[in-house]
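Per the numbering used here, residue 9 is the first one in the sequence shown, and the count goes up by one each step.
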Amino acid sequence: MSDIVDATPTTGQKFTAETLGTFVLVFFGCGAAVYSGGDLVATALTFGLTVVVMAYAVGRISGGHFNPAVTLGAVLGGRLPWNQVGIYMAAQLLGGLLAGAMLFGLGNGFEGFSAEGNMGQNFFGDAGSGYAWWAALLVEILLTAIFLWVILAVTDERNEVNVAMGPLAIGLALAMIHFVAIPLTGTSVNPARSIGVGVFAGTDAIVQLWLFVVAPLVGAAIAGLTYPLLFGHGSAPVAGSGLNFGGGRKDQFVPGSYEAQWNQGQQGGWGQPGAAWGAPPQQQWGQPAPQQQPDPYSTPQAAPQQPGQWGQPVPQQQPPTQPGQWGAPQQPQQQQPGQGAPGHWGNPDGDDDGRTQVRRPD
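Set out below in structure tokens:
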């Protein structure tokens, strides 16, 4: 039991998870691009499937970003503190470079292999499809922003879709993006993916890397900043996130953004006791009314007698109970709205924290 209670991932474990996840994403995704002869469908589905698989595998540890743009969008969207950004991005760059080095080494197994322009690298202009640099910049910004909006929406606590389906939706979104952008830029939306193979793909690829670093980060920043403005926060932003650079608490485990939130559950959120939609705290169910003020017309399970009167105070003009009437049943026509016994729905004197269990949009 102690192993479960003390199972908060360490910084080293999160670093390892992000390194491994990014390695798998770049190795299989770019590997499919190279060894399938540039098959669009195979490459797009491989990139999407690797995100799904690795999110389920290690998302519970680090949040399953595998992408510096996702990390930036998460911190600006209130899902991750700034003091973890460096750890995540360093791990992602390491994973991407290890994958690129592995692909480079394995490629030399073919006689006469040349890595220049043959590493699944990104491109624009004369070095690739002939697509203009400004158009490549815009499409990468747009597609990254869409990707981050999807991620933030799928992992929003207000989303009633089964949260365990989050990685699947995100992986499918990444595959959709590749279907559109592979013919244009080879699809980045991920600086670690571009750098990981680009540094092995020759001078032209290295010169063009700036676009595939800048554009995804700009798109992620747009999505991270605008999502709370457009749709609000599903829960309070974590300490030290967004435009607050103060950093989170050192003892605070933050699941990051996206895939891990379906498995982490926040207080009062998915999977927490007493957090059902509209359910009162468990200690209120079946709580008997005090003997000194019986009310045969109210039961612990009864709904509020008047809508909109949850926990409203008793009007001052209400006449006090007359002496000598203790124990006398109250006539229905004399019962005042909201005058239930303590512990009942709508009682002003009882514990009415049940209403706080219903999450409202910010």
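Where a beta carbon is used, it is the ideal one built from N, C-alpha and C, also for glycine.
Since this is a predicted model, take the numbers as computed values, not measurements.
- In the three-state reduction of the DSSP assignment, F132 falls in the coil class.
- Cβ neighbours of N167 within its own chain (closer than 8 Å, five residues either side excluded): A161 and G242.
- Remark: C-beta atoms of Q216 and F131 approach each other more closely than 8 Å.
- DSSP places E26 inside the alpha helix (DSSP H), whose first and last residues are T19 to Y43.
- For M127, no alpha helix (DSSP H) encloses it, and the DSSP letter there is neither H nor E.
- Shown here for L105: same chain residues with a beta carbon closer than 8 Å to its own, the five before and five after excluded, namely I203, G204 and V207 in chain order.
- Just measuring C-alpha positions, the residue of M97, L151, V93 and L238 sitting nearest I190 is L151.
- The region 174-193 and the region 49-59 touch, with no fewer than 3 CB-CB distances between them shorter than 8 Å.
- Nearest neighbour of P17 by Cα position, chosen from C38, L33, S70 and V158, turns out to be S70.
- For the pair L219 and E119, the Cα-to-Cα distance works out to about 33 Å.
- With 16 or more other CB atoms across the displayed protein chains lying within 10 angstroms of its CB, A123 is buried.
- For G113, the enclosing alpha helix (DSSP H) starts and ends at V93 to G115.
- The alpha helix (DSSP H) runs of length 4 or more contained entirely in the region 196-220 are, from start to end of the chain, 199-206 and 211-215.
- Secondary structure at L146: helix, using DSSP grouped into helix, strand and coil.
- When secondary structure is reduced to three states using DSSP, L151 falls in the helix class.
- Pairing G133 with A231 gives a Cβ-Cβ distance that is not under 8 Å.
- Going by C-alpha positions, W157 is about 7 Å away from Y235.
- Taking C-alpha positions only, A177 is separated from G113 by approximately 33 Å.
- Pairwise C-beta distances place the region 40-51 out of contact with the region 85-96, as fewer than three of them are shorter than 8 Å.
- As the crow flies, the alpha-carbon of G103 is around 24 Å from that of L48.
- In the three-state reduction of the DSSP assignment, R87 falls in the coil class, being assigned neither a helical nor a strand state.
- About 6 Å separates the beta carbon of T193 from that of E148, a gap short enough to meet the 8 Å contact definition.
- If you draw a straight line from the Cα of A143 to the Cα of P224, it is about 14 Å long.
- Closest by C-alpha distance to Q21, out of G46, F36, G72 and V61, is G72.
- Under the three-state reduction of DSSP, Y139 is assigned to coil, being neither helix nor strand.
- Sequence-distant Cβ neighbours of H186 in its own chain, meaning closer than 6 Å and more than five residues away, are A52, F55 and T195.
- Assigned with DSSP and collapsed to three states, S70 falls in helix.
- The C-beta separation of A200 from N75 comes to about 6 Å, placing the pair in contact by the 8 Å criterion.
- In this structure, the alpha-carbon of V93 lies about 14 Å from that of A228.
- A residue is called buried when at least 16 other Cβ atoms come within 10 angstroms of its Cβ; A153 meets this threshold and is buried.
- A77 and V246 do not touch by the CB rule: their CB atoms are close to 19 Å apart, not below 8 Å.
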